[in-house]
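Colleague:
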Amino acid sequence: MSWDPEKYLKFRGERTRPSVDLVGRIVAEDPATVIDLGCGPGNSTAVLRGRWPGASITGLDSDPAMLRAALRSDPYMNWMQGDVASWHADGAFDVVYSNAVLQWVPDHAELIPRLFRAVAPGGALAFQIPTRVDSAIYADIDEVANDPRWRAATEAARNALVDHEPAFYYDLLCTKAERLDVWTTEYQHALDGPEAVLDWMRSTRLRPFLDALPDEADRRAFEAALLGRIAAAFPRRPDGKVLFPFRRLFVIAYRGRD
1 MSWDPEKYLK
11 FRGERTRPSV
21 DLVGRIVAED
31 PATVIDLGCG
41 PGNSTAVLRG
51 RWPGASITGL
61 DSDPAMLRAA
71 LRSDPYMNWM
81 QGDVASWHAD
91 GAFDVVYSNA
101 VLQWVPDHAE
111 LIPRLFRAVA
121 PGGALAFQIP
131 TRVDSAIYAD
141 IDEVANDPRW
151 RAATEAARNA
161 LVDHEPAFYY
171 DLLCTKAERL
181 DVWTTEYQHA
191 LDGPEAVLDW
201 MRSTRLRPFL
211 DALPDEADRR
221 AFEAALLGRI
231 AAAFPRRPDG
241 KVLFPFRRLF
251 VIAYRGRD
(Lines of atoms letter the chains of each structure in order from A and count residues from 1; the text may use other names and numbers.)
(Lines give C-alpha, C1' and ligand atoms only; values in the text may rest on other atoms or scores of the structure.)
Protein backbone atom coordinates (compact mmCIF):
# COMPACT_ATOMS: atom_id res chain seq x y z
CA MET A 1 0.00 0.00 0.00
CA SER A 2 1.46 3.33 -1.08
CA TRP A 3 0.89 6.72 0.54
CA ASP A 4 0.35 10.22 -0.82
CA PRO A 5 1.96 12.91 1.38
CA GLU A 6 0.02 15.75 -0.27
CA LYS A 7 -3.35 14.12 0.36
CA TYR A 8 -2.34 13.23 3.91
CA LEU A 9 -1.26 16.80 4.68
CA LYS A 10 -4.40 18.35 3.18
CA PHE A 11 -5.78 18.18 6.74
CA ARG A 12 -2.45 18.98 8.38
CA GLY A 13 -3.91 20.90 11.31
CA GLU A 14 -6.47 18.25 12.23
CA ARG A 15 -3.99 15.39 11.79
CA THR A 16 -1.25 17.11 13.78
CA ARG A 17 -3.39 18.10 16.76
CA PRO A 18 -3.42 14.60 18.34
CA SER A 19 0.37 14.58 18.03
CA VAL A 20 0.52 17.88 19.91
CA ASP A 21 -1.83 16.52 22.57
CA LEU A 22 0.21 13.34 23.01
CA VAL A 23 3.61 15.06 23.13
CA GLY A 24 2.26 17.59 25.62
CA ARG A 25 1.32 14.82 28.06
CA ILE A 26 4.70 13.03 28.03
CA VAL A 27 6.55 13.65 31.29
CA ALA A 28 10.15 13.86 30.06
CA GLU A 29 12.13 17.01 30.74
CA ASP A 30 15.29 16.53 28.69
CA PRO A 31 15.39 13.29 26.68
CA ALA A 32 18.62 12.73 24.77
CA THR A 33 17.25 10.32 22.15
CA VAL A 34 13.78 10.21 20.57
CA ILE A 35 12.40 8.11 17.72
CA ASP A 36 9.21 8.78 15.76
CA LEU A 37 8.00 5.42 14.43
CA GLY A 38 5.98 5.88 11.25
CA CYS A 39 6.94 9.52 10.95
CA GLY A 40 5.12 10.01 7.64
CA PRO A 41 5.80 13.41 6.05
CA GLY A 42 7.37 14.71 9.27
CA ASN A 43 4.53 16.74 10.76
CA SER A 44 4.55 14.78 14.04
CA THR A 45 8.36 14.78 14.13
CA ALA A 46 8.30 18.57 13.98
CA VAL A 47 6.14 18.55 17.12
CA LEU A 48 8.78 16.43 18.86
CA ARG A 49 11.51 18.83 17.72
CA GLY A 50 9.52 21.77 19.06
CA ARG A 51 9.16 20.11 22.47
CA TRP A 52 12.77 18.86 22.74
CA PRO A 53 15.01 20.94 20.46
CA GLY A 54 18.19 19.56 22.03
CA ALA A 55 17.35 15.89 21.55
CA SER A 56 18.70 13.60 18.84
CA ILE A 57 15.49 12.75 16.97
CA THR A 58 15.06 10.02 14.35
CA GLY A 59 12.07 9.69 12.06
CA LEU A 60 11.43 6.19 10.70
CA ASP A 61 8.98 5.31 7.94
CA SER A 62 8.62 2.54 5.36
CA ASP A 63 7.23 4.69 2.56
CA PRO A 64 9.78 6.46 0.28
CA ALA A 65 7.33 9.20 -0.76
CA MET A 66 6.59 10.05 2.87
CA LEU A 67 10.31 10.15 3.68
CA ARG A 68 11.01 12.45 0.72
CA ALA A 69 8.32 14.82 2.00
CA ALA A 70 9.80 14.60 5.51
CA LEU A 71 13.27 15.40 4.16
CA ARG A 72 11.89 18.45 2.36
CA SER A 73 10.24 19.60 5.58
CA ASP A 74 13.50 19.35 7.56
CA PRO A 75 16.69 18.38 5.70
CA TYR A 76 18.67 18.32 8.95
CA MET A 77 16.60 15.67 10.74
CA ASN A 78 17.74 12.05 10.86
CA TRP A 79 15.28 10.26 8.55
CA MET A 80 15.48 6.49 8.17
CA GLN A 81 13.58 3.97 6.06
CA GLY A 82 12.26 0.98 7.97
CA ASP A 83 9.14 -1.00 8.78
CA VAL A 84 7.70 -0.64 12.29
CA ALA A 85 6.43 -4.23 12.06
CA SER A 86 9.99 -5.59 11.95
CA TRP A 87 11.89 -2.75 13.64
CA HIS A 88 14.22 -3.65 16.50
CA ALA A 89 16.17 -0.89 18.21
CA ASP A 90 19.97 -1.02 18.08
CA GLY A 91 19.98 0.80 21.41
CA ALA A 92 17.51 2.31 23.85
CA PHE A 93 15.60 5.56 23.32
CA ASP A 94 14.44 7.97 26.00
CA VAL A 95 11.17 8.42 24.10
CA VAL A 96 9.73 5.87 21.68
CA TYR A 97 6.86 7.64 19.98
CA SER A 98 4.27 6.79 17.32
CA ASN A 99 1.38 8.87 16.04
CA ALA A 100 -1.46 7.16 14.11
CA VAL A 101 0.66 4.34 12.66
CA LEU A 102 0.44 1.25 14.86
CA GLN A 103 -3.13 0.56 13.71
CA TRP A 104 -1.56 -0.68 10.45
CA VAL A 105 0.78 -3.11 12.23
CA PRO A 106 -0.53 -6.59 13.15
CA ASP A 107 -0.22 -8.51 16.43
CA HIS A 108 -0.23 -5.76 19.06
CA ALA A 109 0.23 -8.39 21.77
CA GLU A 110 3.76 -8.87 20.42
CA LEU A 111 4.35 -5.38 19.03
CA ILE A 112 3.63 -3.18 22.05
CA PRO A 113 5.87 -5.05 24.54
CA ARG A 114 8.64 -5.11 21.90
CA LEU A 115 8.42 -1.35 21.48
CA PHE A 116 8.45 -0.89 25.24
CA ARG A 117 11.68 -2.91 25.44
CA ALA A 118 13.29 -0.21 23.26
CA VAL A 119 12.67 2.41 25.98
CA ALA A 120 15.65 3.44 28.09
CA PRO A 121 15.38 3.38 31.89
CA GLY A 122 13.37 6.39 33.00
CA GLY A 123 11.98 6.88 29.48
CA ALA A 124 8.57 6.50 27.89
CA LEU A 125 6.69 4.72 25.13
CA ALA A 126 3.97 7.00 23.77
CA PHE A 127 1.56 6.17 20.98
CA GLN A 128 -1.79 7.18 19.54
CA ILE A 129 -4.09 5.23 17.24
CA PRO A 130 -7.56 5.84 15.82
CA THR A 131 -10.22 3.64 17.39
CA ARG A 132 -13.27 2.19 15.65
CA VAL A 133 -15.44 2.03 18.78
CA ASP A 134 -18.83 3.62 17.97
CA SER A 135 -17.37 5.13 14.79
CA ALA A 136 -19.95 5.87 12.08
CA ILE A 137 -17.36 6.38 9.35
CA TYR A 138 -15.61 3.05 9.94
CA ALA A 139 -18.98 1.27 10.07
CA ASP A 140 -20.04 2.94 6.81
CA ILE A 141 -16.84 1.87 5.04
CA ASP A 142 -17.25 -1.72 6.21
CA GLU A 143 -20.90 -1.81 5.15
CA VAL A 144 -20.12 -0.52 1.65
CA ALA A 145 -17.23 -3.00 1.36
CA ASN A 146 -19.61 -5.82 2.33
CA ASP A 147 -21.70 -5.18 -0.79
CA PRO A 148 -21.66 -8.35 -2.94
CA ARG A 149 -19.98 -6.35 -5.73
CA TRP A 150 -16.88 -5.76 -3.60
CA ARG A 151 -17.01 -8.23 -0.73
CA ALA A 152 -14.45 -10.70 -2.07
CA ALA A 153 -11.99 -8.07 -3.32
CA THR A 154 -12.00 -6.11 -0.06
CA GLU A 155 -11.78 -8.97 2.44
CA ALA A 156 -8.14 -8.27 3.30
CA ALA A 157 -8.79 -4.52 3.50
CA ARG A 158 -11.60 -5.03 6.02
CA ASN A 159 -9.09 -6.78 8.29
CA ALA A 160 -6.17 -4.40 7.68
CA LEU A 161 -6.81 -2.15 10.66
CA VAL A 162 -5.80 -3.23 14.18
CA ASP A 163 -7.13 -1.67 17.36
CA HIS A 164 -8.27 -2.87 20.77
CA GLU A 165 -10.08 -1.56 23.81
CA PRO A 166 -8.03 0.58 26.24
CA ALA A 167 -7.97 -2.28 28.75
CA PHE A 168 -6.07 -4.44 26.26
CA TYR A 169 -3.14 -2.01 26.22
CA TYR A 170 -3.31 -1.45 29.96
CA ASP A 171 -3.11 -5.21 30.57
CA LEU A 172 -0.15 -5.53 28.17
CA LEU A 173 1.89 -2.88 29.94
CA CYS A 174 0.74 -2.61 33.55
CA THR A 175 3.19 -5.21 34.89
CA LYS A 176 6.08 -3.80 32.85
CA ALA A 177 5.66 -0.05 33.25
CA GLU A 178 6.29 1.99 36.36
CA ARG A 179 3.39 4.23 35.40
CA LEU A 180 0.69 4.23 32.72
CA ASP A 181 -1.44 6.99 31.23
CA VAL A 182 -4.28 5.72 29.02
CA TRP A 183 -7.11 7.86 27.62
CA THR A 184 -9.36 8.43 24.64
CA THR A 185 -10.33 11.70 22.96
CA GLU A 186 -13.06 12.24 20.39
CA TYR A 187 -12.24 15.20 18.18
CA GLN A 188 -15.04 17.06 16.45
CA HIS A 189 -13.48 18.22 13.20
CA ALA A 190 -15.43 20.93 11.37
CA LEU A 191 -14.96 20.05 7.68
CA ASP A 192 -16.33 21.73 4.58
CA GLY A 193 -18.85 19.00 3.75
CA PRO A 194 -19.40 15.29 3.15
CA GLU A 195 -16.89 15.38 0.27
CA ALA A 196 -14.22 16.59 2.70
CA VAL A 197 -14.92 13.64 5.01
CA LEU A 198 -14.50 11.31 2.04
CA ASP A 199 -11.28 13.10 1.09
CA TRP A 200 -9.97 12.69 4.65
CA MET A 201 -10.55 8.94 4.51
CA ARG A 202 -9.03 8.58 1.02
CA SER A 203 -5.57 9.24 2.44
CA THR A 204 -5.89 6.76 5.33
CA ARG A 205 -8.51 4.07 5.99
CA LEU A 206 -9.91 3.99 2.44
CA ARG A 207 -6.53 3.34 0.80
CA PRO A 208 -6.49 -0.46 1.16
CA PHE A 209 -10.08 -0.68 -0.08
CA LEU A 210 -9.49 1.47 -3.14
CA ASP A 211 -6.22 -0.32 -3.91
CA ALA A 212 -8.04 -3.67 -3.76
CA LEU A 213 -10.77 -2.79 -6.25
CA PRO A 214 -10.18 -4.01 -9.81
CA ASP A 215 -10.63 -0.80 -11.81
CA GLU A 216 -11.39 2.91 -11.72
CA ALA A 217 -15.11 2.36 -12.36
CA ASP A 218 -15.38 0.23 -9.21
CA ARG A 219 -13.45 2.80 -7.22
CA ARG A 220 -15.79 5.58 -8.34
CA ALA A 221 -18.86 3.48 -7.55
CA PHE A 222 -17.49 2.51 -4.14
CA GLU A 223 -16.78 6.15 -3.27
CA ALA A 224 -20.21 7.27 -4.51
CA ALA A 225 -21.94 4.67 -2.31
CA LEU A 226 -19.84 5.74 0.67
CA LEU A 227 -20.46 9.45 0.03
CA GLY A 228 -24.20 8.87 0.23
CA ARG A 229 -23.80 7.27 3.63
CA ILE A 230 -21.50 10.05 4.82
CA ALA A 231 -24.02 12.73 3.78
CA ALA A 232 -26.71 10.96 5.80
CA ALA A 233 -24.50 10.39 8.86
CA PHE A 234 -22.97 13.87 9.01
CA PRO A 235 -25.57 16.55 8.18
CA ARG A 236 -24.49 20.09 7.41
CA ARG A 237 -24.52 22.55 10.29
CA PRO A 238 -25.93 26.09 10.03
CA ASP A 239 -22.60 27.38 8.65
CA GLY A 240 -22.56 24.74 5.92
CA LYS A 241 -19.84 22.62 7.51
CA VAL A 242 -20.17 19.10 8.91
CA LEU A 243 -18.93 17.91 12.28
CA PHE A 244 -16.77 14.84 11.75
CA PRO A 245 -16.22 12.94 15.04
CA PHE A 246 -12.95 11.05 15.18
CA ARG A 247 -11.98 9.07 18.27
CA ARG A 248 -8.39 8.29 19.19
CA LEU A 249 -6.72 6.18 21.88
CA PHE A 250 -3.59 7.46 23.63
CA VAL A 251 -1.12 5.45 25.71
CA ILE A 252 2.01 6.56 27.58
CA ALA A 253 3.99 3.91 29.45
CA TYR A 254 6.96 4.93 31.61
CA ARG A 255 9.88 2.61 32.28
CA GLY A 256 11.33 2.62 35.78
CA ARG A 257 14.97 3.49 36.31
CA ASP A 258 15.72 -0.17 37.15
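Counted from 1, the sequence shown has number 228 at position 228 by full-length UniProt numbering; the numbering is strictly sequential. Every residue, glycine too, gets a C-beta built ideally from N, C-alpha and C.
Starting from Arg247, follow its DSSP beta bridges and name the residues at the other end.
Modeller: Taking the first residue of the sequence shown as position 1, residue 247 is located at position 247. The partner list for Arg247 (beta bridge, DSSP) reads Glu186.
Colleague: Please classify Pro5: does DSSP put it in a helix, a strand, or coil?
Modeller: Taking the sequence shown and counting its residues from 1, the one referred to as residue 5 is at position 5. Bear in mind that a pLDDT of 49 at Pro5, under 50, signals an unreliable position, so the number given afterwards is only what the model happens to contain. Annotated three-state conformation of Pro5 is helix, per DSSP.
Colleague: Apply the 10 Å Cβ neighbour rule to Gln128 and answer buried if 16 or more other Cβ atoms are within range, or exposed otherwise.
Modeller: Residue 128 sits at position 128 when you count from the first residue of the sequence shown. By the 10 Å Cβ count, Gln128 comes out buried.
Colleague: Taking Cβ to Cβ, would you say Val182 is nearer than 7 Å to Val119?
Modeller: The sequence position of residue 182 within the sequence shown is 182, counting from 1. The sequence position of residue 119 within the sequence shown is 119, counting from 1. No. Outside cutoff.
Colleague: With Val84 and Ala55 assumed to form a contact (beta carbons below 8 Å), what rounded beta-carbon distance in angstroms separates them?
Modeller: Taking the first residue of the sequence shown as 1, we reach residue 84 at position 84. Taking the first residue of the sequence shown as 1, we reach residue 55 at position 55. Not quite, the Cβ-Cβ distance comes to about 20 Å (not below 8 Å), so this is no contact.
Colleague: When we look at the beta-carbon of Glu29 and count the other beta-carbons within 10 Å, is it buried (16 or more) or exposed?
Modeller: Within the sequence shown, the letter at position 29 stands for residue 29. Here Glu29 is exposed: its Cβ has fewer than 16 other Cβ atoms, across all protein chains shown, within 10 Å.
Colleague: Are the beta-carbon atoms belonging to Gln103 and Asp163 less than 7 Å from one another?
Modeller: As a first step, residue 103 must be located in the sequence shown, where it is residue number 103. As a first step, residue 163 must be located in the sequence shown, where it is residue number 163. Cβ distance < 7 Å, so Gln103 and Asp163 count as in contact.
Colleague: Report the residue ranges of all alpha helix (DSSP H) runs contained in full by the region 135 to 198; include only those spanning at least 4 residues, in chain order.
Modeller: 136 to 145, 155 to 158, 166 to 173
Colleague: May I ask you to report which of helix, strand or coil DSSP gives Val20?
Modeller: Here residue 20 corresponds to residue number 20 of the sequence shown, with the count starting at 1. Correct three-state label for Val20: helix.
Colleague: Kindly identify the DSSP beta-bridge partner or partners of Leu125.
Modeller: Residue mapping note: residue 125 aligns to position 125 of the sequence shown, counting from 1. Answer is Val96, Ala253, bridged to Leu125.
Colleague: Please state whether DSSP places Ser203 in a helix, a strand or coil.
Modeller: By one-based count along the sequence shown, residue 203 stands at place 203. Looking at Ser203 - three-state DSSP - the assignment turns out to be coil, as it is neither helix nor strand.
Colleague: Could you compute how far the alpha carbon of Ala145 sits from the alpha carbon of Arg72?
Modeller: In the sequence shown, residue 145 corresponds to position 145, counting from 1. In the sequence shown, residue 72 corresponds to position 72, counting from 1. Distance between the alpha carbons of Ala145 and Arg72: 36 Å.
Colleague: List the whole-angstrom C-beta distance separating Asp36 from Leu60, where the pair is believed to meet the contact cut-off of C-beta under 8 Å.
Modeller: Along the sequence shown, read from residue 1 onward, the residue named residue 36 stands at position 36. Along the sequence shown, read from residue 1 onward, the residue named residue 60 stands at position 60. Indeed they touch by this definition, with Cβ atoms about 7 Å apart.
Colleague: Note down the Cα distance separating Glu14 from Arg117, rounded to an integer number of angstroms.
Modeller: Position 14 of the sequence shown, counted from the first residue, corresponds to residue 14. Position 117 of the sequence shown, counted from the first residue, corresponds to residue 117. In a straight line, the C-alpha of Glu14 is about 31 Å away from that of Arg117.
Colleague: What number of angstroms, rounded off, separates the C-alpha of Glu186 from the C-alpha of Arg229?
Modeller: The sequence position of residue 186 within the sequence shown is 186, counting from 1. The sequence position of residue 229 within the sequence shown is 229, counting from 1. Their backbone Cα atoms lie some 21 Å apart in a straight line.
Colleague: In the structure shown, what three-state DSSP assignment does Arg236 receive?
Modeller: As a working mapping, residue 236 is identified with position 236 in the sequence shown. Arg236: strand per DSSP, three-state reduction.
Colleague: With distance defined between alpha-carbon atoms, name the residue in Ala89, Ser98, Val242, Met77 nearest to Leu249.
Modeller: As a working note, residue 249 is residue 249 in the sequence shown. Comparing Cα-Cα distances from Leu249 to each of Ala89, Ser98, Val242, Met77, the minimum goes to Ser98.
Colleague: How many Å lie between Arg158 and Asp199 at the Cα?
Modeller: Counted from its first residue, the sequence shown places residue 158 at position 158. Counted from its first residue, the sequence shown places residue 199 at position 199. One C-alpha to the other measures close to 19 Å.
Colleague: Considering only the beta carbon of each residue, do Pro41 and Ala69 sit closer than 7 Å?
Modeller: For the purposes of this step, residue 41 is taken as residue 41 along the sequence shown, with counting starting at 1. For the purposes of this step, residue 69 is taken as residue 69 along the sequence shown, with counting starting at 1. A contact, by the Cβ cut-off of 7 Å.
Colleague: Quick check on DSSP: helix, strand or coil for Pro64?
Modeller: As a position in the sequence shown, residue 64 is number 64, starting the count at 1. In this structure, Pro64 counts as helix in the three-state DSSP scheme.
Colleague: Just how far apart, CA to CA, sit Leu206 and Leu111?
Modeller: Counting from 1 along the sequence shown, the entry for residue 206 is found at position 206. Counting from 1 along the sequence shown, the entry for residue 111 is found at position 111. Distance between the alpha carbons of Leu206 and Leu111 is about 24 Å.
Colleague: Once DSSP output is grouped into helix, strand and coil, what is the label at Thr45?
Modeller: As a first step, residue 45 is located in the sequence shown; it is residue number 45 there, counting from the start. Residue state, collapsed to three classes: helix.
Colleague: In angstroms with no decimal places, state the Cα-to-Cα distance between Ala100 and Arg255.
Modeller: The count along the sequence shown starts at 1 and reaches residue 100 at position 100. The count along the sequence shown starts at 1 and reaches residue 255 at position 255. Going from the Cα of Ala100 to the Cα of Arg255 covers about 22 Å.
Colleague: Three-state secondary structure (DSSP) at Trp79?
Modeller: One-based indexing of the sequence shown puts residue 79 at position 79. Residue state for Trp79 is assigned as strand, using DSSP reduced to three classes.
Colleague: What residue does the beta strand (DSSP E) around Ile35 start on, and which one ends it?
Modeller: If you number the sequence shown from 1, residue 35 lands on position 35. Note, Ile35: beta strand (DSSP E), 33 to 37.
Colleague: I believe Val47 touches Val20 by the beta-carbon criterion, under 8 Å. Please report the beta-carbon distance rounded to the nearest angstrom.
Modeller: Numbered from its first residue, the sequence shown carries residue 47 at position 47. Numbered from its first residue, the sequence shown carries residue 20 at position 20. Confirmed, Cβ separation roughly 6 Å.
Colleague: In angstroms, rounded to a whole number, what distance separates the CA positions of residue 272 and Tyr138?
Modeller: There is no way to answer for residue 272, as the model of the chain reaches only from 1 to 258.
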